[in-house]
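Only one structure is covered here, and it is reproduced in the block below.
Number of protein chains: 2
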Amino acid sequence: MELIWLIPVAGLAAVSYAGWLAWDVLRRDPGTPEMQNVASMIFEGAMAFLRRQYSTIAVLALVTAVAISVIVGGVSEGVKDILRSGTGSNVTITYGEKVVGRWEEGLLTGIAFLAGAAASALAGYIGMYISVRSNSRTASAATRSLKEAITVSLRGGAVSGFLVVALSLLGVSSIFFIYSKVLGNPESIAPFLIVGFGFGASFVALFAQLGGGIYTKAADVGADLVGKVEAGIPEDDPRNAAVVADLVGDNVGDCAGRGADLFESMSAENIGAMILGVAIYTVTKDLQWIVFPLVLRSFGILATIAGLTSVPFFARDDGKQDPMTPLNYGYYIVSILSVIGLFIATRVMLGDQWYWFFFCGLVGITTGIAFVYITQYYTSGSWRPVKEIADASRTGAATNIIQGTAVGMETTAATAITIGLALVVSFALGDQADIPGVGGFTTGVFGTAVATMGMLMSAAYILAMDTFGPITDNAGGITEMSGAPESARHITDALDSVGNTTKALTKGYAVASAGLAAFLLFSAYLDKIKERLDIPLNEHLPIDLSNVDVFVGGLIGVMLVFLFSSLAIRAVGSAAGDIIEEVRRQFREDPGIMAGTSRPDYGRAVDITARAALRNMIAPGLLAVGTPIAVGLIFRFTREENSGWLAVAGLLMVGTIGGIILATFFNNVGGAWDNAKKYIEAGHLKADPSGPGAGEALGKGTEAHKAAVVGDTVGDPFKDTAGPSLHVLIKLLSTITLVMAPLFIS
Amino acid sequence: MELIWLIPVAGLAAVSYAGWLAWDVLRRDPGTPEMQNVASMIFEGAMAFLRRQYSTIAVLALVTAVAISVIVGGVSEGVKDILRSGTGSNVTITYGEKVVGRWEEGLLTGIAFLAGAAASALAGYIGMYISVRSNSRTASAATRSLKEAITVSLRGGAVSGFLVVALSLLGVSSIFFIYSKVLGNPESIAPFLIVGFGFGASFVALFAQLGGGIYTKAADVGADLVGKVEAGIPEDDPRNAAVVADLVGDNVGDCAGRGADLFESMSAENIGAMILGVAIYTVTKDLQWIVFPLVLRSFGILATIAGLTSVPFFARDDGKQDPMTPLNYGYYIVSILSVIGLFIATRVMLGDQWYWFFFCGLVGITTGIAFVYITQYYTSGSWRPVKEIADASRTGAATNIIQGTAVGMETTAATAITIGLALVVSFALGDQADIPGVGGFTTGVFGTAVATMGMLMSAAYILAMDTFGPITDNAGGITEMSGAPESARHITDALDSVGNTTKALTKGYAVASAGLAAFLLFSAYLDKIKERLDIPLNEHLPIDLSNVDVFVGGLIGVMLVFLFSSLAIRAVGSAAGDIIEEVRRQFREDPGIMAGTSRPDYGRAVDITARAALRNMIAPGLLAVGTPIAVGLIFRFTREENSGWLAVAGLLMVGTIGGIILATFFNNVGGAWDNAKKYIEAGHLKADPSGPGAGEALGKGTEAHKAAVVGDTVGDPFKDTAGPSLHVLIKLLSTITLVMAPLFIS
């Protein structure tokens, strides 16, 4: 237990560092009064939305917590102690006396759920607070230097990143500590009691990502359609009542939404890995196997603090440096230090077969880096895929969409192969570890868990880069609306373009981590089922695809992923309709707005967008939560003895596969369409050499550009609503089935 | 064996009936000289493409046949006899002496492959021949009466339908007869020897559907872009050199492609069901279980002959009848007679527990009818989904695409739930049948097989309605280009609209049959694996989703479905580019074409389209054939003992699920976009009541209509290339893994 002290140290270090970053950002020049004026409207809109959203979520969460406590208490049999018998390779892990009563189990699960929900919401709220305070300071810094602008925006974003990681770590470790040491339960069963924490995190993430994703794209699409298309005024024009809502949207989607997404990833993955550790702990009697995930995360935090602090030292102000370069250097430092941390943690904690798990962790870190490059290849204007889409825009919107769809579907190959390779290799490596009495399957799955943890070591850094996106985007909008000098706009444009890349990277990273984590969370679900069915924990429980219940469960799983996306996309259209009505009404009732003599009522537009987004997130949210429960219950009561949990297992696994692939498609196709439009706007596209006007540049205002704008608009709800919501859905399926497992067993 | 005589009788009846239909169509008035002129260009283009396509396929098929023989002969151990031991419920089905040597097995599999490929090609060729002879006769009939036009077009289409069903039935039954009775092999192993027939059918279907699908949409998109968009001339304008290629395309996609698709469904499903029957035959010693699928198919043929003959009696010429009505009445007759046939076949052949299987068949027939209604709801202009897309067109192409995508994804729910329900219910019913010595799993899977067979009883009728589509579409084009009277155009327009519906129905039917058949084909794959691994045939072989190889195989499976679609869609764009170049060249080099004084070189455009389509079908074709083999070999040689066939099993099952869902999305979204455009053209869409120009009708030529045209164009390669090719891919995965199974076993 040499390293366990690292957990509170790293957690508190992360919180302190976030505090220092926040202090550093807030003490800086908030910009001209015009900048502060715009920024304060964004600030108020964002905080109002967040308060409204969290109130809705709080009500839903309280109801759900009570429901969980009642359901788990009502259907479970309580938690039995986990015992070991036999020696050497003949060890069997069975169950002893009941040590936690059923109602106590229900209560503890409900409390853990609330703790997870609250920690996620708190991280989101504070992160957002600093994020919407950083935008005008970035705009102001941009009037002085690129280096300062990068520093402010990255530090503002990092507050969110560190809080998410720290609160996940502190939350999981405290609740584990309380449920084991304070309440006196065996360490081997405590991980099963804290699964509610992961579900709470998923629950908040689902609604945060859905609500934020719907908000941001409804405002974006609505503002464009009613402003650019109907009224013929430019983007970000202050006469458009929806323009502030659009700037607010960037924050609620990318900062609060993605933060909750990765909070969920880390929490669920930590808890899943701890459950896997139980099977090894029971044999080796070494608690290190259970707390290892938390220690590795702590090393990740320390590596990230060092990497992030180093970024300003790499930034140069010579006007030639790509702003992505210092960010990349920082990421390399995080990766190198993560490898060192991984080495120490595995070496010290995981016994004499540690090196196999060290290699597993390396696989995970490498996978993270691979995704950074894959995403860039498919969504950046420098490579074939985006150029192909731009070329197809020459013949109109239809060919732009067709080619974009083809490219988007193609990107699933690199994703699936990389995730598949990472899973098989880390499983095979873990399988090699020879721990007496522990089967190769258990060490193999633990290997995939270590790979996932290795990958997520850099999560705070990735999140800092992600939140960098909306801050620089907002800074650009503020610069535009406050009439700041051209040079500042130049700097914010450069940063905005980097922000687009970092946002896309984060999505790729989130999908990959969801893919890797799926396998270990699925094993945790099976462990839970074994415990209920009194099947020894180290016996293998096959989920047979040729079983009709599993197969049909899988069919429903992939269907769920499509139907959920349908509802999420539809929600954007519906909410955008409300915004369009409102802006039209303001134009109609006050002609002074169009003339530029009166100021539109931004606040009302923000408010209407918020209401519409929250109203529209309910249907997909209920679908996500309700489907696995409905499938489990229907199969349990209409089919055979084991059909309930088997159908849910099929739904979970096959649905996860479908979700990974579909989310990858949505994220990448949206990014590629966006950058194809930017590629054309930069004047890189020439007319078809064999067609009319051969060789002319087809820039802004041409038919090709209009076609690319259609693609970009189509991609908006794909990449910012459906795709990110699918990451969350995948993990929600894991956590909800983990918590509700007793309900599916006859 | 009372009913076995029905097989040759029904097969020959179908061929004779097809001959009579062909004679009846060909003896009719081929129309005015102008009509015949256009028709002959279509005829020549279609036959030229088919010859070229079948030559390419023939070369590929010969190489593949040799490869199969060598691979199966090289890696297999020969086929062992199947023996029964024990009594009552303690029966075990194991393997005896080798009765077929490994090289003989390889040779027989290769020959069966060629037979399947040849039968499929022959059915496609003759069907197409009559189809492209029926179009001008339909155009001519339309100058006289609707009733005659329906009769001609439906009979022309039915030739293809009957030949497909008859040649599949006769092919499978003859090769079964030859491989068992003539060559003297036990009936219990003959089904394993004829799996090559199914793979041959799949192989031809893959390339026929891919090549046809690419051809039809490349010609369509290319003709539109270079004609309507660039040159500003109307659709079907004779000055456009690509217009004949477009008319040819309708035939090669919908007639030849879909025919091969359902030929494959029926053949693969028959063989799979016969393999399942082996497990019951070995216990009961009653050959009926093996030949039952063939007898049921025979009843289906007889029912279809009666139903089809009745259609003209329901058609009225009062100008008020929807042409869909007589087609629907005919379908009801087929369904009712199928139920009677099902009753007789199960009652006579399937022992004293026959009624369970009778119910299973009813489930299948009901599923077929359900799909007819589901597809209509989602793709016809009378219901919410299409109206929503039309509404969204008011705000432009982007919202049309976004809404369409949401609707398309929504349609997967009804499909997945219906297929899932049919599978679970038919499995549960079959499971109830109590046959001593045969497990519930075996009778359950046999139940799903009977449901699939029940559904496919009406296949010839559905195919007749499908081929009706391109015939009436062509008749419309011929009427337009030959300057026939307005009244004839009115009739062909009405028929064309019905044709759009029937084409959509057939795709839904094909997806549903692929979904139902997947489960039984998967069981056949497992039976083949058991035979190789010497696991008793009635022992259960679980495919464990928590096994990393199965899971990663599944991930690759869904990825394959997306990547294959990407290549298919991309192929359309690439081939369309070639056509555009050619039409531009003709316009440039002969200004008389645009002036209307010279005739464009249609033949060259047809030829270039054909070359481009065939060149572009190679990449997706190789991907489809190569991926399962590559995955099997990679996992076999780099992982553990059973990893090869396990990873392939995961790929097959999960890939099938992904394919069903994605194909449903493609088919339905394309149909819905098409009909949203038609809805607007019919003047049904009004301007937004709260926006500018409230309440005005937004018809042809408005921005809303242009937006709907973009959606329609995007949907073209989705619904006519990617979707139908995915049906084939799903079944190809089943047949290729069935044949190549020995390669994946260490």
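Those protein sequence lines, which keep their order, are chains A and B. Counted the way my numbering counts, the first sequence spans residues 1 to 746. Counted the way my numbering counts, the second sequence spans residues 1 to 746. For each residue, glycine too, the CB sits at the ideal point set by N, CA and C.
Residue range of the beta strand (DSSP E) that includes Glu97(A): Thr92 to Val100
Reduced DSSP category for Arg347(A) - H, G, I as helix; E, B as strand; rest coil: In this structure, Arg347(A) counts as helix in the three-state DSSP scheme.
Supposed contact pair Arg297(B) and Leu169(B) - C-beta distance, whole angstroms, cut 8 Å: 5 Å
Sequence-distant residues of the same chain with beta carbon closer than 7 Å to Asp590(B), five excluded per side: Ser598
Reduced DSSP category for Asp473(A) - H, G, I as helix; E, B as strand; rest coil: helix
Cβ of Met455(B) within 8 Å of any chain D Cβ: No chain D appears in this structure, whose protein chains are A and B.
Simplified DSSP assignment, three categories, for Ser188(A): coil
Chain A residues whose Cβ lies nearer than 9 Å to that of Pro724(B): Those within 9 Å of Pro724(B) in chain A number zero; the least Cβ separation is about 16 Å.
Partners in chain B for Pro717(A), counting only beta-carbon separations shorter than 8 Å: Result: Ile402.
Same chain only: Cβ atoms within 6 Å of Gly508(B), ignoring 5 sequence neighbours per side: Phe371 and Thr375
N- and C-terminal bounds of the beta strand (DSSP E) containing Lys80(A): Val79 to Ser85
Asn538(A) classed as buried or exposed, judged by whether at least 16 other C-beta atoms fall within 10 angstroms: buried
Residues sharing a beta bridge with Asp544(A), DSSP: Asp544(B)
Assigned secondary structure, Lys700(A) (DSSP; H/G/I helix, E/B strand, else coil): coil
Interface residues of the segment 528–551 of chain B facing chain A [CB-CB below 9 Å]: Those residues of the segment 528–551 of chain B that come within reach of chain A (Cβ to Cβ, closer than 9 Å) are His540, Leu541, Pro542, Ile543, Asp544, Leu545, Ser546, Asn547, Val548, Asp549, Val550 and Phe551.
Near-chain A residues of the segment 657–672 of chain B - C-beta to any C-beta below 9 Å: Ile657, Gly658, Ile660, Ile661, Leu662, Thr664 and Phe665
Proximal chain A residues relative to Met653(B), where beta-carbon distance stays under 8 Å: Among the residues of chain A, those whose CB is under 8 Å from the CB of Met653(B) are Leu545, Ser546, Phe551 and Gly554, following chain order.
Distance between Gly19(A) and Gly156(A) (C-alpha atoms, nearest Å): 11 Å
Three-state secondary structure (DSSP) of Lys320(B): coil
Stretch pair the segment 30–49 of chain A + the segment 234–250 of chain A: three plus CB contacts closer than 8 Å: yes
Under 7 Å by beta carbon: chain A residues contacting Thr412(B): Met559, Phe562 and Leu563
Which listed residue (Asp391(A), Val407(A) and Gly361(A)) has its alpha carbon closest to that of Tyr377(A): Val407(A)
For Lys719(B), the three-state DSSP class (helix, strand or coil): helix
Range covered by the alpha helix (DSSP H) that runs through Phe744(A): Per DSSP, Phe744(A) belongs to no alpha helix (DSSP H) and is neither H nor E.
Selection of the segment 578–595 of chain A by Cβ proximity to chain B, strictly under 7 Å: Glu581 and Arg584
Cβ pair Phe192(A), Lys528(A) closer than 8 Å: yes
Burial state of Trp356(B), where buried means 16 or more other Cβ atoms lie within 10 Å: When all chains shown are included, Trp356(B) counts as buried.
Host alpha helix (DSSP H) of Tyr373(B) (start-end): Trp354 to Thr379
Contact belief for Gly213(A) with Ser725(A) at Cβ below 8 Å, rounded distance in angstroms: 6 Å
Which residues DSSP lists as bridging Lys686(A), in chain order: Ala697(A)
Reference Ala190(B); option with closest CA among Ser202(B), Val558(B), Phe113(B) and Val100(B): Val100(B)
Tyr332(B) and Phe162(B) closer than 8 Å at C-beta: In this structure, Phe162(B) does not lie closer than 8 Å to Tyr332(B) by Cβ.
Met465(A) beta carbon less than 8 Å from that of Thr492(A): No, the pair does not count as a contact, with Cβ atoms beyond the cut-off.
Any C-beta of chain B under 8 Å from that of Arg84(A): Not flagged as an interface residue toward chain B: Arg84(A), since no C-beta distance is shorter than 8 Å.
Assigned secondary structure, Trp20(A) (DSSP; H/G/I helix, E/B strand, else coil): Correct three-state label for Trp20(A): helix.
Below-8 Å beta-carbon distance, Leu210(B) vs any chain A residue: no
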